[in-house]
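Below is one structure, written out as structure tokens; comments come after it.
Protein chains: 4
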Amino acid sequence: MSEHEDRQLAGAFPYVPQQKRAQQKRNSLLESGRELFIKNGYEPTTAKEIATHAGVAIGTFYRYFSDKRQLLLALLQNQLDKMLPPEPKWIMANPEQFLAAILESHFKQLEQIGLYQVLPELLIRDPELAEILIQSRKNWHARILTGLQQAKEKGLTWPDLELEVVAWSILVILENIPKKEKESGLKTDYVELAKIICRMVFPPKGMTS
Amino acid sequence: MSEHEDRQLAGAFPYVPQQKRAQQKRNSLLESGRELFIKNGYEPTTAKEIATHAGVAIGTFYRYFSDKRQLLLALLQNQLDKMLPPEPKWIMANPEQFLAAILESHFKQLEQIGLYQVLPELLIRDPELAEILIQSRKNWHARILTGLQQAKEKGLTWPDLELEVVAWSILVILENIPKKEKESGLKTDYVELAKIICRMVFPPKGMTS
Amino acid sequence: MSEHEDRQLAGAFPYVPQQKRAQQKRNSLLESGRELFIKNGYEPTTAKEIATHAGVAIGTFYRYFSDKRQLLLALLQNQLDKMLPPEPKWIMANPEQFLAAILESHFKQLEQIGLYQVLPELLIRDPELAEILIQSRKNWHARILTGLQQAKEKGLTWPDLELEVVAWSILVILENIPKKEKESGLKTDYVELAKIICRMVFPPKGMTS
Amino acid sequence: MSEHEDRQLAGAFPYVPQQKRAQQKRNSLLESGRELFIKNGYEPTTAKEIATHAGVAIGTFYRYFSDKRQLLLALLQNQLDKMLPPEPKWIMANPEQFLAAILESHFKQLEQIGLYQVLPELLIRDPELAEILIQSRKNWHARILTGLQQAKEKGLTWPDLELEVVAWSILVILENIPKKEKESGLKTDYVELAKIICRMVFPPKGMTS
DNA sequence: AATGAATGAGCATTCATTCAT
DNA sequence: CATGAATGAATGCTCATTCAT
Chain A
1 MSEHEDRQLA GAFPYVPQQK RAQQKRNSLL ESGRELFIKN GYEPTTAKEI ATHAGVAIGT
61 FYRYFSDKRQ LLLALLQNQL DKMLPPEPKW IMANPEQFLA AILESHFKQL EQIGLYQVLP
121 ELLIRDPELA EILIQSRKNW HARILTGLQQ AKEKGLTWPD LELEVVAWSI LVILENIPKK
181 EKESGLKTDY VELAKIICRM VFPPKGMTS
Chain B
210 MSEHEDRQLA GAFPYVPQQK RAQQKRNSLL ESGRELFIKN GYEPTTAKEI ATHAGVAIGT
270 FYRYFSDKRQ LLLALLQNQL DKMLPPEPKW IMANPEQFLA AILESHFKQL EQIGLYQVLP
330 ELLIRDPELA EILIQSRKNW HARILTGLQQ AKEKGLTWPD LELEVVAWSI LVILENIPKK
390 EKESGLKTDY VELAKIICRM VFPPKGMTS
Chain C
419 MSEHEDRQLA GAFPYVPQQK RAQQKRNSLL ESGRELFIKN GYEPTTAKEI ATHAGVAIGT
479 FYRYFSDKRQ LLLALLQNQL DKMLPPEPKW IMANPEQFLA AILESHFKQL EQIGLYQVLP
539 ELLIRDPELA EILIQSRKNW HARILTGLQQ AKEKGLTWPD LELEVVAWSI LVILENIPKK
599 EKESGLKTDY VELAKIICRM VFPPKGMTS
Chain D
628 MSEHEDRQLA GAFPYVPQQK RAQQKRNSLL ESGRELFIKN GYEPTTAKEI ATHAGVAIGT
688 FYRYFSDKRQ LLLALLQNQL DKMLPPEPKW IMANPEQFLA AILESHFKQL EQIGLYQVLP
748 ELLIRDPELA EILIQSRKNW HARILTGLQQ AKEKGLTWPD LELEVVAWSI LVILENIPKK
808 EKESGLKTDY VELAKIICRM VFPPKGMTS
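Shown next as structure tokens:
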């Protein structure tokens, strides 16, 4: 009665084991999935590959995950939970500095972002998955927007600031940092980036709005 | 005169037919490929599907393309050529307005951009393809950068403007407009966006730099 | 009436053209077929290849031959006709010398023999073809046998000579000369070979039979 | 002890199973391959056919063999190992009798020879395979040659015996026995054949060399 | 629970053959 | 007559998934 209670939550996970050893296997599979998805992409990665890389048999894979897609879902579940962006407080003495910090922390989640690279193709085929990700994106967007709104209410921003558009621009820039670093091989100068973004939002000190 | 000029760029076209009817079939296949890649993604789209959608037999597909990948290459070849961004002239009476025009024209190339959505997964697996795309991106980037440099030399921009970073930010914003429109379903207000971008670049009129 | 008279002989040749130009094309196809069969084998050679090699369109191939197999048949027809072995006259002053000459002339037909290398696989699948070849082989065998019989009747051979077996042995040796030369790269010493064969057949001069 | 010793000779076995049941399947595939290759030839036999004949799914075929060619290689590996000819000892009281025995034992390996019929076409396309077979042939040739040399040194043979040529002739005769039996349907009289061959090698008893 | 052998649907690709031009 | 574009049956091979051990 209690042992099997919430096993089949949402019919998704064939089995989420309680025991330590089994948990390890499950995690090992998740980790292998993540690595291979990021390295080779989602479609080309096979269940067999993941199992082998995790050091278990293919049958074991299907004990813990109904299929590849579900492993990915579990992976995202894990990561998205950890990934809520900090409350951006623009109303501070030094918003630039704060923003730089935010950007940098975002970059620290590069690993998770790795998965992002894998997703675009899936989003087309998998509305459920798309929903999860769009939702996560909306969270980010909402956070940024809230911060901007507060700043605007305080009269700190450009008076004609189109909040939605700016929030979106910031989000897009954030999201593309990892790709940029990968392509160019250069570290991002977060302070510089923050300065630029702030110019979108705040009029220069010397101005009267 | 120039229509067939650089057809063989990426090499390996098994056959580019001269006759009218055959040309139509080839184009029909290209178009079907584009549609299906955008709709369903690259990997999940099969050669058979493309052929059927184009109303030809599978054998015909392989008459004109060595495989799916090569059709994609041909597609990109076509599109990337058309996609050189206009020379961005920041040094004008009204840069905002000009930028808005650029942004809008870029959006008109939404169709081509459709393909962009298809590529991320490929970039991992296909270095040659990645090279083509990164090159195309660098062209854009260089154009934007050039414009910024000229503006800076004229003393029009923020004096401490980090050109590379701004150019990249603008590029990223440009690239993500189509995705945004698709997700939100809203038309982009290019004028508004141009205003924001210009604030990254130019100090407000009332300021002395 | 006369023009079409014997076109469809045996239903085999779709069309054996009377006109010079057409004859040339047909011959060109035959020749290309022969070369490619010998070079690459029968199965791997495609009709398209033969046509291209002959400098005609694939449609033309099918105008003159119903398929690849029939081209091969026509080829064999041609060659086997030319290939009747000479009457072996063992009853001569110097049978060794005569045999050496036969062997050498056989080798001159090496080109035709080239086709032999192509056939073994076909013989399994194509009883009709096998029949043609076995027949041709039987001709050779019969000729050799006849010669031996005459020699035996004259009391020239070993008295206990098992004619069939010797004839077969000689035939086998003959048939394998081209393969041997190809593998070893060495020219065959026909005189030496003839000597050996003669020892199978004739007792040494000093013996009384 | 030695059963599995040199399994990996030709490399590339995707998987040689350890378990009994699986071994049976693998053997079943090998056997089916052999039968079908001999019956229908190599090229026309498909992997699917072999699998079906062996009573397994096509996927199982590819579990044990990378492709048709590799199955053939495994087959040859097995057979060629068993096929080293006995040391031919010509220096005996009764070489004829000994030779007859050799010939007969060779014929007992008819099964292996079955595969020989399959090979000619392959030899053209597959140099690696050709190498294996030519090597095996050279072994035979060398054995025969050695025997002849010893006999010659003892002064038993014709003094002018061209060893290479005779050895080759004997080899060719040996190799063609199976084909002959198949075509004619008659059993070979090994004693008679041995007599003939011996006449190639040894002068008649009554002669002084 | 874990294993990995077995399955077979499904995709990529080739090629003999037809037929409209 | 010649052409070569078009066809689609047939083959090779992969991989997600099941299930007996």
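Chains as they are written, first to last, in the working numbering: chain A, 1 to 209; chain B, 210 to 418; chain C, 419 to 627; chain D, 628 to 836.
Cβ atoms here follow ideal geometry from the backbone N, Cα and C, with glycine treated the same way.
Test: residue i CB closer than 8 Å to a CB of chain B
i, result
"lysine 205/A", "no"
"glycine 41/A", "yes"
"methionine 200/A", "yes"
"valine 56/A", "no"
"lysine 152/A", "no"
"leucine 193/A", "yes"
"asparagine 176/A", "yes"
"isoleucine 196/A", "yes"
Residue-chain proximity (residue i, chain A), Cβ-Cβ < 8 Å
i, result
"proline 336/B", "no"
"proline 304/B", "no"
"glutamate 340/B", "no"
"glycine 323/B", "no"
"tyrosine 399/B", "no"
Through-space distance from residue j to residue i, alpha-carbon basis
i, j, result
"glutamate 131/A", "glutamate 755/D", "55 Å"
"leucine 540/C", "lysine 257/B", "34 Å"
"isoleucine 685/D", "lysine 25/A", "31 Å"
"lysine 438/C", "arginine 481/C", "15 Å"
"glutamate 819/D", "aspartate 544/C", "33 Å"
"proline 412/B", "asparagine 287/B", "39 Å"
"alanine 309/B", "asparagine 303/B", "10 Å"
"serine 184/A", "glutamate 601/C", "58 Å"
"alanine 74/A", "asparagine 27/A", "10 Å"
"leucine 380/B", "lysine 414/B", "25 Å"
"leucine 163/A", "leucine 186/A", "31 Å"
"phenylalanine 37/A", "glutamate 390/B", "28 Å"
"glutamate 593/C", "glutamine 762/D", "21 Å"
"alanine 194/A", "threonine 60/A", "47 Å"
"leucine 289/B", "asparagine 139/A", "34 Å"
"serine 105/A", "histidine 141/A", "16 Å"
"alanine 649/D", "alanine 231/B", "52 Å"
"glutamine 788/D", "leucine 703/D", "At residue 788/D the sequence reads leucine, which differs from the glutamine that was named. Distance between the alpha carbons of leucine 788/D and leucine 703/D is about 34 Å."
"leucine 760/D", "isoleucine 562/C", "31 Å"
"glutamate 514/C", "lysine 570/C", "16 Å"
"proline 253/B", "proline 44/A", "11 Å"
"threonine 255/B", "threonine 464/C", "27 Å"
Test: residue i CB closer than 8 Å to a CB of chain C
i, result
"asparagine 705/D", "no"
"serine 836/D", "With a pLDDT of only 45 at serine 836/D, under the threshold of 50, the placement of this residue in the model should not be trusted; the figure read from the coordinates follows. Judged by the 8 Å Cβ criterion, serine 836/D is not in contact with chain C."
"glutamate 810/D", "yes"
"leucine 726/D", "no"
"glutamine 776/D", "no"
"glutamate 658/D", "no"
Neighbour flag for residue i against chain D, beta carbons, 8 Å
i, result
"glycine 573/C", "no"
"arginine 487/C", "no"
"serine 587/C", "yes"
"lysine 605/C", "no"
"lysine 598/C", "yes"
"proline 577/C", "no"
"glutamate 580/C", "yes"
Whole-Å CB distance - residue i paired with residue j, under 8 Å assumed
i, j, result
"leucine 490/C", "tyrosine 534/C", "Going by Cβ atoms, the distance from leucine 490/C to tyrosine 534/C rounds to 12 Å, so no, they are not a contact pair."
"threonine 815/D", "isoleucine 823/D", "Their Cβ separation, rounded to whole angstroms, is 12 Å, which puts threonine 815/D and isoleucine 823/D out of contact at 8 Å."
"methionine 827/D", "arginine 555/C", "In fact, because the Cβ distance is near 22 Å, the residues do not count as touching under 8 Å."
Residue i and residue j closer than 8 Å at C-beta
i, j, result
"tyrosine 190/A", "leucine 103/A", "yes"
"asparagine 458/C", "isoleucine 800/D", "no"
Check whether the segment 779 to 798 of chain D touches the segment 684 to 697 of chain D, taking contact to mean three or more Cβ pairs, one atom from each stretch, closer than 8 Å.
-> no
Are the segment 262 to 270 of chain B and the segment 238 to 246 of chain B touching, with three or more C-beta to C-beta distances below 8 Å?
-> yes
Does the segment 760 to 780 of chain D touch the segment 788 to 803 of chain D, meaning 3 or more C-beta pairs lie closer than 8 Å?
-> yes
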